[in-house]
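Sequential numbering of the sequence shown, starting at 1, is according to UniProt numbering. We treat Cβ as the ideally placed atom computed from N, Cα and C, and that holds for glycine. First the structure, in the form of structure tokens, and then the observations on it.
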Amino acid sequence: MTDIFENINDCCVKLKIDLCGAELAKIAADGNYTAETMEALSHLFTYLSTKKDAAMVQDILNKSRLPKSAPKTFDNFDFTRIRGQDVERIKGISSLATLHSGSNITFVGPPGIGKTHLAQAYGYECAQRRIKVYFIKATELRDKFNRARKSGSTASCVNTLVRYQCLIIDEIGHCKFDKENTMLFFDVIDRRYNKEGMFNTVFTSNKQPSQWKECFEEEDALLCSLDRIFDNAIVFNLKGKSYRGRKLKVVNVQVDNLNHEDK
């Protein structure tokens, strides 16, 4: 019976119902609730709590910009393609220990090797644990900054990007950030760097971090950003051939010359 009371109490906390264990025990005693009644109540509260958890996860996913129809997860990533002594470290990021320790992650490597899949899988895992996550490509981030500058809403734009516990910026190096956008990028990184609690930023890039300066016009601001990004971070250098095109089928046919016109 004690376990039942504890379960209902835990569910009430999740459901934000102002009902403590002592109050519940008094209600049960005054109403002469049987063990069967209490067990039924426990099942009901568990159902409501589980339903709320699922709704929260779905809401986070809806706002995350992560793919919904075919989500990238750690379960559907082909780890058999990964070799080397640090394979377990890549698998280990699914624990989200890096998020809890405030450690940033960067996946670097050639196109089609699985960088974005791993980054999105990390974000998906965050959502499953009800951790707010946001995925954005570098080109989209640049465009977002441009729109904010035109509308005079840069403060709101930066605030939005800062509030997510996990921010994923995909394909750093695929576009140029002008001076003003580089300053906004620094503002986002700087404020995230100084936040307390569980916060980290995940990057993917075809370029090594030392080459990122080619894509940002304000070098001083970028260097300050890199200093904060890699103050506490782990970089995964992925090497190998592209995984894209594995379902490609090539059909070779020979067409002989005809002595008459095609009809």
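Relative to the alpha-carbon of residue i, which residue among the options has its alpha-carbon at the smallest distance?
i           : options                           : result
Ala13       : Lys52, Gly31 and Tyr33            : The sequence given here places Val at residue 13; Ala does not occur at that position. Nearest C-alpha to Val13: Lys52.
Leu66       : Lys137, Ser153, Arg83 and Asp231  : Lys137
Ile60       : Ala148, Cys126, Thr98 and Arg149  : Cys126
Cys224      : Phe145, Val235, Tyr193 and Gln208 : Tyr193
Phe186      : Gln208, Leu167, Ile27 and Asp220  : Asp220
Ala54       : Lys26, Ile17 and Gln128           : Gln128
Ile105      : Asp170, Pro111 and Asp18          : Asp170
Tyr124      : Gly114, Ile229, Thr80 and Asp75   : Asp75
Lys72       : Ala119, Lys91 and Asn32           : Ala119
Ile113      : Arg89, Ile93 and Arg83            : Arg83
Lys207      : His174, Leu226 and Asp227         : His174
residue 266 : Arg149, Ala155, Phe177 and Arg191 : Since the first residue of the chain shown is 1 and the last is 263, residue 266 is not available in this structure.
Pro209      : Val188, Asn237 and Glu218         : Asn237
Arg163      : Thr50, Val188 and Lys239          : Val188
Leu167      : Arg149, Thr98, Ala148 and Asn146  : Thr98
Ser49       : Gly92, Asn7 and Asp231            : Asn7
Taking the beta carbon of residue i as the centre, do at least 16 other beta carbons fall within 10 Å, making it buried, or is it exposed?
i      : result
Val202 : buried
Asn159 : exposed
Glu196 : exposed
Cys20  : exposed
Lys263 : Only weak support exists for where Lys263 lies, its pLDDT of 47 falling under 50; the coordinates are left without a value.
Phe216 : buried
His100 : exposed
Leu44  : exposed
Phe107 : buried
Gly245 : In this prediction, Gly245 scores a pLDDT of 49, lower than 50, which makes its location untrustworthy; the coordinate-derived value is nonetheless stated afterwards. Exposed, since its Cβ has fewer than 16 Cβ neighbours within 10 Å.
Glu214 : exposed
Ser205 : buried
Glu218 : buried
Ser69  : exposed
Phe177 : buried
Ala28  : buried
Leu161 : buried
Gly31  : exposed
In whole angstroms, what is the alpha-carbon distance linking residue i and residue j?
i      : j      : result
Phe5   : Glu39  : 9 Å
Lys63  : Tyr134 : 7 Å
Cys11  : Arg130 : 16 Å
Ala233 : Ser103 : 5 Å
Tyr47  : Cys157 : 38 Å
Leu96  : Asn200 : 10 Å
Ala25  : Lys132 : 36 Å
Leu41  : Ala121 : 36 Å
Met198 : Arg81  : 31 Å
Pro111 : Asp18  : 52 Å
Glu23  : Ile229 : 49 Å
Thr116 : Ser151 : 31 Å
Met56  : Leu222 : 36 Å
Gly89  : Thr37  : Note on identity: in this sequence residue 89 is Arg, with Gly being the wrong assignment. Rounded to the nearest angstrom, the two C-alpha atoms are 48 Å apart.
Leu226 : Trp212 : 9 Å
Original post:
Where in the region 181-211 do unbroken runs of the beta strand (DSSP E), each at least 3 residues long, occur, reported from the N-terminal end onward?
Top reply: 200-205
**OP:** Could I get the ranges of all uninterrupted beta strand (DSSP E) runs contained in the region 85-142, with 3 residues as the minimum, in chain order?
**Re:** 104-108 and 133-137
Original post:
So, do the region 137-146 and the region 166-183 have three or more beta carbon pairs nearer to each other than 8 Å?
Top reply: yes
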